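Numbering (UniProt numbering), first residue to last: 1 to 427. Think of the CB as a built atom: it goes at the ideal place given N, C-alpha and C, for glycine as much as any other residue. Treat the numbers as computed from the prediction; the structure is a model and nothing was measured.
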RNA sequence: AGAGGAGUGGCAGAGUGGUCGAAUGCGGCGGUCUUGAAAACCGUUGUACCGCGAGGUACCGGGGGUUCGAAUCCCUCCUCCUCUGCCA
């Protein structure tokens, strides 16, 4: 959520940056914010004055009663009625203005970083780096992962359909082992990189949804538990970052680095066709997430550090990959700068997004009221960042396709200590 | 899940309708004393919003209500503790 004071101070810059997202009416939207906030201040001032008068009067009445001047007290009481009426009216006006302001703020996305290219869709993302020396030359008759999955009997989509529904596969045999291996490998790497492992709830309340920005904008993306006002998490970012909601940390406690594994649940409403085939898009999937809370001056260095961490993972998995700088149109609502990682899935000849690493600057921290206190006890909003490290199913898809051989599917070296086998074999 | 109890400043803990943003203790910060430290003593020590400032307003788990006036009374929700039940 933007800070109105910042908007006023950097009006032209913010407008220009928001236009990179394709927000053509950015100027009007920001102007509206400022004028609403102006009204809010004015109304609050008036209300405060009325309340000051009421408080004063109430004190006097108390004194009069104490000293036995009943008649005077009753007379003074009569004066309060009008003040009360005004206070009620102004109070309602203020609440309404505050709500309008919040509504607006909730609807305006984060200001893109200066390096974000303008653009409408994923086609306009900037390819920062492509490392494709691991791209395999597949033999004729190489199969897409969904065919390999049935051939090797490692995931059962039909069973998942039966037990839950489409998009909830059941991993089994070496498939289940491989998923568990990846999770452990990713967590171990995160720990080596200095992240503290946490295992958060996978169900969150409304406040948490607002804190990281899933609510109100993306309500349709989450599964709701409507009888208790809770949601299944779409990513571990939500519970892990919300640990620090309403928290003031000491400056020397930064950076805070947490990592956690959770299943993630996404409704993916309206998804259909080839890109939901097999493991390409699921309603439930496993992911290890890394989260950092840092000093504002350090956040872009940390973003690079996190990108490097993810890059190491895909490299170690021996997958061809590329790194994209997301354009304004593809940038997430809450993010200022995002790098996506895609791995090449050689049989379906597609790049699959497996990680998204973002700097949210103060956008989340402002909603979360997540601040740090410096040596002089000055408080300021911290910066938050997170990244997938990594999402499992698409990595699995690429591994299956790229590593298929006549004898079976080769398991990358780094995972072998975790799987206990180096080849996925037919049943 | 049922019955009972409780939620107050960083922590502990008073306050049951009127100068209460809130006693007191601990902790923190500054100072005196000391070669240094401890002890002792003195002072200071919540957050947010509005205002150039003086200052004002709000906050005693959250929300709503009664009242001229609410930490204090009422309703509701949440959380914690104890007992009973259930369960991995």
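As a quick exercise: from the options, pick the residue whose alpha carbon is nearest that of residue i.
i, options, result
"residue 267", "167, 331, 360 and 226", "167"
"residue 429", "277, 306, 341 and 286", "Shown here, the chain extends from 1 to 427; a query on residue 429 therefore has no answer."
"residue 152", "175, 163 and 139", "175"
"residue 220", "97, 233 and 227", "233"
"residue 203", "418, 425 and 225", "225"
"residue 206", "223, 121 and 197", "223"
"residue 83", "55, 125, 312 and 103", "55"
"residue 43", "66, 80, 89 and 9", "89"
"residue 419", "85, 334 and 173", "173"
"residue 393", "336, 335 and 287", "287"
"residue 380", "190, 410 and 250", "250"
"residue 333", "304, 105 and 79", "105"
"residue 356", "131, 364, 53 and 308", "308"
"residue 241", "29, 364 and 27", "364"
"residue 212", "389, 362, 51 and 13", "362"
"residue 28", "108, 81, 69 and 1", "108"
"residue 304", "337, 398, 279 and 280", "337"
"residue 265", "376, 237 and 228", "237"
"residue 399", "169, 210 and 182", "182"
"residue 12", "124, 80, 79 and 111", "111"
"residue 138", "67, 339, 425 and 345", "345"
"residue 313", "165, 136 and 192", "192"
"residue 278", "180, 339 and 156", "156"
Across which residues does DSSP place residue i in a beta bridge pair?
i, result
"residue 321", "131 and 343"
"residue 357", "339 and 387"
"residue 285", "264"
"residue 423", "410"
"residue 381", "371"
"residue 191", "Looking at the DSSP assignment, residue 191 forms no beta bridge with any residue, so it has no partner."
"residue 257", "292"
"residue 230", "205 and 225"
"residue 156", "170"
"residue 247", "In DSSP, residue 247 forms no bridge with anything."
"residue 404", "409"
"residue 196", "258"
"residue 351", "344"
"residue 126", "325"
Please classify residue i as buried or exposed, where buried requires at least 16 neighbouring CB atoms within 10 angstroms.
i, result
"residue 291", "buried"
"residue 257", "buried"
"residue 49", "exposed"
"residue 283", "buried"
"residue 162", "exposed"
"residue 359", "buried"
"residue 140", "exposed"
"residue 99", "exposed"
"residue 214", "buried"
"residue 390", "buried"
"residue 427", "exposed"
"residue 289", "buried"
Can you name, in chain order, every residue of its own chain whose Cβ lies under 7 Å from the Cβ of residue i, other than the five neighbours on each side?
i, result
"residue 127", "322 and 324"
"residue 72", "64"
"residue 302", "255, 292, 294 and 385"
"residue 47", "87, 90, 91 and 94"
"residue 184", "418"
"residue 239", "200, 201, 204, 208 and 233"
"residue 300", "359"
Got a sec? Which residues, its chain only, sit under 8 Å from residue i by beta carbon, not counting five neighbours each side?
i, result
"residue 101", "4, 33, 36, 37 and 40"
"residue 298", "254, 255 and 383"
"residue 77", "61"
"residue 114", "17"
"residue 97", "36, 39, 40 and 43"
"residue 311", "321, 323 and 341"
"residue 296", "361, 362, 380, 381, 382 and 383"
"residue 281", "167, 268, 271 and 275"
"residue 373", "248, 249, 250, 251 and 379"
"residue 136", "346, 402 and 403"
"residue 415", "178, 181, 182, 185 and 317"
Skipping 5 residues on each side, what residues in its chain have a beta carbon closer than 6 Å to that of residue i?
i, result
"residue 412", "317 and 318"
"residue 144", "347 and 348"
"residue 196", "258"
"residue 354", "341, 343, 390, 391, 394 and 395"
Compute the minimum distance between the beta carbon of residue i and the heavy atoms of the ligand PLP, and state whether it is under 6 Å.
i, result
"residue 78", "Ligands displayed in this structure: none; no statement on the ligand PLP is therefore possible."
Give a yes or no on contact between the segment 137-149 and the segment 392-406, applying the rule of three or more CB pairs nearer than 8 Å. By the Cβ test, the segment 137-149 is in contact with the segment 392-406, since at least three Cβ pairs between them sit closer than 8 Å.
Across the segment 356-369 and the segment 239-257, are there enough close Cβ pairs to call them in contact, namely three or more that are closer than 8 Å? yes
Taking contact to mean 3 or more Cβ pairs, one atom from each stretch, closer than 8 Å, check whether the segment 380-396 and the segment 103-120 are in contact. no
Could you tell me whether the segment 14-25 touches the segment 323-337, using the rule of 3 or more Cβ pairs below 8 Å? yes
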